[in-house]
Structures are given as structure tokens and as C-alpha cells.
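These notes concern the structure reproduced below.
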Amino acid sequence: MGCCSSRSSDSPASRATRWRSTGIVALRDARLKEVPNEVLQVGNSLRTLDLTNNKLVEIPQEVGGLVNMQRLVLAGNLIENIPANIGYLRNLKILTLDRNRISILPEELGSLSNLQQLSISHNSLLRLPKSVGDLRNMSILNVSDNKLKELPESIGGCNSLEELQANGNLIEDVPSSICNLVCLKSLSLNGNKIRQLPQNILKDCTALQNISLHDNPITMDQFQQVSCMKHLQFSCTVANLVLIGDTFIFPVCCRRMDSTSLRRVEGRNLTSRSIPVS
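Residue numbers (my numbering): 1 to 278.
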């Protein structure tokens, strides 16, 4: 494909020429400890940079000069910090930072006005910058498996967001501003500490089709409007909610019950009956 430097006969000059021609640099699994200079010298011709599964510890400041880059993939490295000048990459559409050691994202992230997909799962994120709400064109956000205790109120500004994954964090509260996400189709918050959702989330998020809340201490009282949902996954630590036709089946775990039972919830008024589990 003319985008990889795995051939030992290639000189740095010939690789750079090829990269400028294709606009693509893909150096996966190359055991790189730093970004090669010839990659940085591709300059404005670079559209895609994929350095997945290397041993990079940092992103060089020079990456901020690759202003025409549209796709930056740095998954599976040892990166701890993101330079502030990443905000110069105004044409960036996809940013993938999964499986690194990142704890903080710079506020300049919000300057990526054309960003459509941000994935930073399996890191050590303590918080998201307030500027995440400035990412008006972002449709997919994956911050699963970090150390987040909350989602910023500003996330309500991501008015193009269709999919939000924040599984495996320490989140206790979901900000009320999430109700502003009228394009949101899928919300996945498994494995957190959530006890309740914003009261109007199912009413205001009119595009919402899927909510997944496995392994959260949340009660069924929060689901009095589930008739508008197409698929809802709910768990109180024992089993998963199952959707059969237009009927929701979810586990009910009661301290006073001798055995676990399933409860079927039907219709707009959520009349219910218990079904014993054999």
C-alpha cells in the first residue's frame, strides 16, 4: 500500500517520498520508542498517522504542526501526556488513544472543531476537560475503563453525539445536561456507581435507543418511561435485562425474597408480574 516502512531496503528519503504521495503513515507493531523524524517531515501532506502498538512514551510537539491530519491513531503505547498544541489539528476527525497511561487531557482538546470520534479507553483518566463540550461535531465518545468520577456538565454541548461509552469508571452521577443530547442513540455506563439518572433523560433524548447499566446500584424507579426505548439493558448484579419483542424482562433482587425472580414489564403503564426462575 506504500504506507509502511517495514522493508529494510527503504531509505528514509524514499519512505518520506512515498508517505507524501499517499498521505498515509502506518507503522504498527514497529517497536518504536519515538516518532521518527521522517514522519514529522511529511508535513502538510500527512492525512493519516497510525502508530498502534509501539512503545511511545510521548507525543512530540512537532505533531501539532501536522495541521492537515485527519486521523491520528496512537493506541497501545506508553503515552502519559497529550501536548497542548494538539489543539492545532483543526482538521482532525478521528483521535484514538486507547490503552495508554493518560491521566489528563488538555483543555485545548476542545479546539478540535472537526473531531468526529474520540476513543481513549483503558487509560488512567481522572477527569474530562470542560472543553469537551466544544466538540460540536463529535458523534462517538469512548472513555471506558478509566478512573472518571463524573462526566462534565459541559458534555451537554456535544450536540452531534450519537454514542457515549463510559463503562468501567467510578461515575456516581450523570449530569442533567446529558438531556440536551438529542442525537444520542446509545448510552453505555456499565460498571460504575450510578444510583440514578436525570429525570427527563428518556423524554428529552428523543433519539435514544439503547441504554446499558449493568453493575450499577440503580433502582427500577428510574425507568418509569421505558416505553419509548427500543432496547434497555439493566442489571442489579445478578443477571442482564433481556428484551423480548416490546417486553422488557429484568432481574429483581430483593433482600426479603428467598430466591431471585424475573419481572416482566409490559405496556405504557408498566404493569408487571413476577416470573420465578427455576
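For glycine and all other residues, C-beta sits at the position ideal for the given N, C-alpha and C. Remember, predicted model here, so these are calculated numbers, not experimental data.
Asked: With a Cβ-Cβ cutoff of 8 Å, do residue 179 and residue 198 count as a contact?; Found: yes
Asked: Taking 8 Å as the threshold, find out whether the segment 79-97 comes into contact with the segment 53-65 through three or more Cβ pairs.; Found: yes
Asked: Would residue 120 pass as an interface residue toward chain D - the criterion being a Cβ-Cβ separation below 8 Å?; Found: In the displayed structure, chain D is absent; only one protein chain is listed.
Asked: Pull up the CB-CB distance for residue 115 and residue 135, whole angstroms please, since I reckon it's below 8 Å.; Found: 5 Å
Asked: Give the DSSP-derived three-state secondary structure of residue 150 in the structure shown.; Found: strand
Asked: With distances taken Cα to Cα, identify the nearest neighbour of residue 166 among 100, 48, 128 and 203.; Found: 128
Asked: At which residues does the alpha helix (DSSP H) containing residue 38 begin and terminate?; Found: 37-40
Asked: Please list, in chain order, all residues of the same chain as residue 73 whose beta carbon is under 6 Å from its beta carbon, the five residues on each side excluded.; Found: 50, 52 and 96
Asked: Residue 20 and residue 39: beta carbons closer than 8 Å?; Found: no
Asked: Are the CB atoms of residue 123 and residue 155 nearer to each other than 8 Å?; Found: no
Asked: By the three-class DSSP mapping on this structure, what secondary structure does residue 48 have?; Found: strand
Asked: Reducing DSSP to helix, strand and coil, say where residue 57 ends up.; Found: coil
Asked: With distances taken from CA atoms, which of 200, 36, 37 and 64 is nearest residue 92?; Found: 64
Asked: Assuming residue 13 is part of the alpha helix (DSSP H), what are its boundary residues?; Found: 12-22
Asked: Sort out for me which residues DSSP pairs residue 137 with in a bridge.; Found: Partner(s): none; residue 137 has no beta bridge.
Asked: Could you please give the first and the last residue of the uninterrupted beta strand (DSSP E) stretch that includes residue 94?; Found: 94-96
Asked: I'd like the ranges of any beta strand (DSSP E) spanning at least 3 consecutive residues and lying wholly in the segment 156-214.; Found: 163-165, 186-188 and 210-213
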